[in-house]
Amino acid sequence: MSALFEPFSLREVTIPNRVWMPPMCQYSAAPEGPDTGAPADWHFAHYAARAAGGTGLVIVEATAVSPEGRISPYDLGIWNDTQVEAFRRITRFLASQGTVPAVQLAHAGRKASTDRSWTGGAPVGPDTHGWQPVGPSALAFDERHPVPDELTVEEIRDIVGQFADAARRALAAGFEIVEIHGAHGYLINEFLSPHSNRRTDAYGGSYENRVRFALEVVDAVREVWPQEKPLFFRVSATDWLEEGGWTADDTVRFAAELHAHGVDLLDVSTGGNASDVRIPTDPGYQVPFAARVRAETPMPVAAVGLITEVEQAAKIVANGEADAVLLGRELLRDPSWARRAARELGAEVRVPEQYHRSV
Ligand SMILES: Cc1cc2nc3c(=O)[nH]c(=O)nc-3n(C[C@H](O)[C@H](O)[C@H](O)COP(=O)(O)O)c2cc1C
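Following our numbering, the numbering of the sequence shown begins with 7 at its first residue and continues without gaps.
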């Protein structure tokens, strides 16, 4: 039996295998009207296909805790009951396939209010459903992006509360796992890194101050998220800056703290917070960051980034570099990648009864 297809249990949730789908924005929700931010037909078909394909865990794309927390006006959100109801159809179907449904809760911070990626992803203003973004400091991401409004301490507390409210709604929507989006230069990542956080109050300056907002979000979510259900955190393990950024050493220290605060797994990505860096993109280029956290802390990890080959994925798990692998673009190409991998490895994976003639 390949380690890739062994179940993995965290708290009281068992994920049937180690082939997981990472969050990937579809920019396909209504930008206005009563269904704003609610999953639509596209989302159902998209997530359902990966569940039917044998994916053990599906993490639904970055889902905003408030309208201003969306990356684009077309993002999913989970700040009202209409959205909760629409998510239920997806979580029900995923569960019916034996796939564990998870959702990534997000606030886009200074990188909010942009167009869809396939039309260029440029910032959009109020005339095209946009808004003024916020951040830890009045520093733009790059010359294309507007300077965000610096959040007041009261506004920071409001956002912590929005993450907790969103977690409560995620539970009502039928999700088994919540992932907090602390990566890719969005709000939580912006607070973590000295590159984007220039505050002089309790939320900036020292390492302890820069992680404060993230830990407050984790604590607030953990308080409302049931003890028997796992909590994930996605981190950018490095800004890829030579100096003045968040580093792999910071990530190791932070991982141990997150674990002590009740986070059950670190989803280890990199980058997204500094605009002018070169990121090496060889196969599995982020795996060493995950492996280091797993080796040096008690935190379980998932590895992500250019993991596409069956043998490559199987080795990462078998060698103990990660507890699971997340396949993003490869699952966009092949929704049944997990079934194909199980076949190649001679392992068992659930196949929908309707497809029994294809086994
Ligand atoms: C279309 C698309 C949308 C994405 N949206 C998100 C997102 O919502 N949240 C997130 O943390 N990462 C997002 N990512 C990053 C992926 O989760 C993943 O980390 C990245 O694609 C690298 O993995 P891969 O090489 O297997 O695709 C997105 C990537 C793609 C291709």
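Note that CB positions come from ideal geometry on N, CA and C, so glycine has one too.
Predicted model only: the values in this text are computed from it and were never measured.
So what's residue i in DSSP terms, helix, strand or just coil?
i: residue 259; result: helix
i: residue 289; result: coil
i: residue 187; result: strand
i: residue 364; result: helix
i: residue 271; result: strand
i: residue 123; result: helix
i: residue 238; result: strand
i: residue 42; result: strand
i: residue 140; result: strand
i: residue 246; result: coil
i: residue 283; result: coil
i: residue 156; result: strand
i: residue 118; result: coil
i: residue 75; result: helix
Below 7 Å between beta carbons: does that hold for residue i and residue j?
i: residue 70; j: residue 83; result: yes
i: residue 237; j: residue 246; result: no
i: residue 166; j: residue 226; result: yes
i: residue 140; j: residue 146; result: no
i: residue 28; j: residue 22; result: no
i: residue 241; j: residue 189; result: yes
i: residue 319; j: residue 16; result: no
i: residue 45; j: residue 92; result: yes
i: residue 272; j: residue 305; result: yes
i: residue 57; j: residue 103; result: yes
i: residue 274; j: residue 323; result: no
i: residue 291; j: residue 311; result: yes
i: residue 180; j: residue 228; result: no
i: residue 299; j: residue 327; result: no
i: residue 132; j: residue 196; result: no
Just the Cα atoms here: how many angstroms apart are residue i and residue j?
i: residue 151; j: residue 316; result: 39 Å
i: residue 341; j: residue 111; result: 23 Å
i: residue 220; j: residue 86; result: 23 Å
i: residue 284; j: residue 198; result: 20 Å
i: residue 116; j: residue 34; result: 21 Å
i: residue 136; j: residue 36; result: 13 Å
i: residue 339; j: residue 173; result: 30 Å
i: residue 282; j: residue 248; result: 11 Å
i: residue 361; j: residue 234; result: 33 Å
i: residue 363; j: residue 303; result: 45 Å
i: residue 212; j: residue 203; result: 10 Å
i: residue 205; j: residue 251; result: 15 Å
i: residue 193; j: residue 325; result: 34 Å
i: residue 52; j: residue 30; result: 11 Å
i: residue 259; j: residue 191; result: 19 Å
i: residue 358; j: residue 101; result: 12 Å
i: residue 121; j: residue 26; result: 28 Å
i: residue 239; j: residue 264; result: 8 Å
i: residue 244; j: residue 365; result: 42 Å
i: residue 42; j: residue 169; result: 18 Å
i: residue 348; j: residue 329; result: 17 Å
i: residue 19; j: residue 129; result: 39 Å
i: residue 354; j: residue 276; result: 32 Å
i: residue 186; j: residue 90; result: 18 Å
i: residue 158; j: residue 8; result: 51 Å
i: residue 287; j: residue 313; result: 11 Å
Can you name the start and end residues of the alpha helix (DSSP H) that residue i belongs to?
i: residue 89; result: 87 to 102
i: residue 328; result: Element bounds for residue 328: n/a, residue is neither H nor E.
i: residue 162; result: 159 to 178
i: residue 227; result: 218 to 230
i: residue 48; result: 47 to 58
i: residue 344; result: 343 to 351
i: residue 339; result: 335 to 339
Starting from residue i, trace the beta strand (DSSP E) both ways and give me its first and last residue.
i: residue 21; result: 19 to 21
i: residue 63; result: 63 to 70
i: residue 111; result: 106 to 112
i: residue 26; result: 25 to 27
i: residue 16; result: 14 to 16
i: residue 310; result: 307 to 310
Since residue i and residue j should fall inside the 8 Å C-beta cutoff, what is the C-beta to C-beta distance between them, to a whole number of angstroms?
i: residue 105; j: residue 63; result: 7 Å
i: residue 296; j: residue 309; result: 4 Å
i: residue 77; j: residue 114; result: 4 Å
i: residue 343; j: residue 337; result: 6 Å
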